[in-house]
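Participant: Sharing a structure with you now.
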Amino acid sequence: GLLVYRCTAKSRLDVPIMGRFSSGLFIHRYVKALDEAGVGITLTVKGVKKSARKIRRELEDAIVNVYEDIVINGKMFIDKLIHPTEYALYHNKKGVVDGNAYGFLTNSLG
Numbered sequence: 041g042l043l044v045y046r047c048t049a050k051s052r053l054d055v056p057i058m059g060r061f062s063s064g065l066f067i068h069r070y071v072k073a074l075d076e077a078g079v080g081i082t083l084t085v086k087g088v089k090k091s092a093r094k095i096r097r098e099l100e101d102a103i104v105n106v107y108e109d110i111v112i113n114g115k116m117f118i119d120k121l122i123h124p125t126e127y128a129l130y131h132n133k134k135g136v137v138d139g140n141a142y143g144f145l146t147n148s149l150g
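So the sequence shown is numbered by this note's numbering: it starts at 41 and just counts up by one.
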């Protein structure tokens, strides 16, 4: 196993997205299952009824758009002009970790 002595850890101060993005990734599998099962339930979001299929599509679009901005395009932020909904949901204004932060990176490949 890994044995660590005299360890000092620092958190990043430039985290581009909020921890709730992780929640979106997590819940996606359940929304997808509801959609594929053809479950006829709806969820009311800000007064608008949405089907599992609609929620799935919006969630998938948001995940892809954020991934493209941060990972593929190498930006340090979500593009507010191109993806205003994703920016409003996931932009990390303060840049600090707002969720669970734990673990050790033991090589550059993760």
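Quick reminder that beta carbons are idealized off the backbone N, C-alpha and C, glycines included.
1. For residue 57, which three-state DSSP category applies?
2. Assuming residue 106 and residue 118 form a contact by the criterion Cβ under 8 angstroms, report the distance between their Cβ atoms to the nearest whole angstrom.
3. So, residue 53 versus residue 139, is the Cβ gap smaller than 7 angstroms?
4. Between residue 74 and the rest of its own chain, which residues show a CB-CB distance below 6 angstroms, the 5 nearest in sequence each way excluded?
5. Just mark residue 46 as buried or exposed, buried being the case when its beta carbon has 16 or more other beta carbons within 10 Å.
6. Under the DSSP definition of a beta bridge, which residues are partnered with residue 89?
7. Please state if the CB of residue 131 and the CB of residue 99 are separated by a distance shorter than 7 angstroms.
8. Count the other CB atoms, across all protein chains shown, that sit within 10 Å of the CB of residue 96; report buried if there are 16 or more and exposed otherwise.
9. Helix or strand or just coil, what does DSSP make of residue 123?
Facilitator: Inspection of the coordinates gives the following:
1. strand
2. 6 angstroms
3. no
4. 92
5. exposed
6. 84
7. no
8. buried
9. coil
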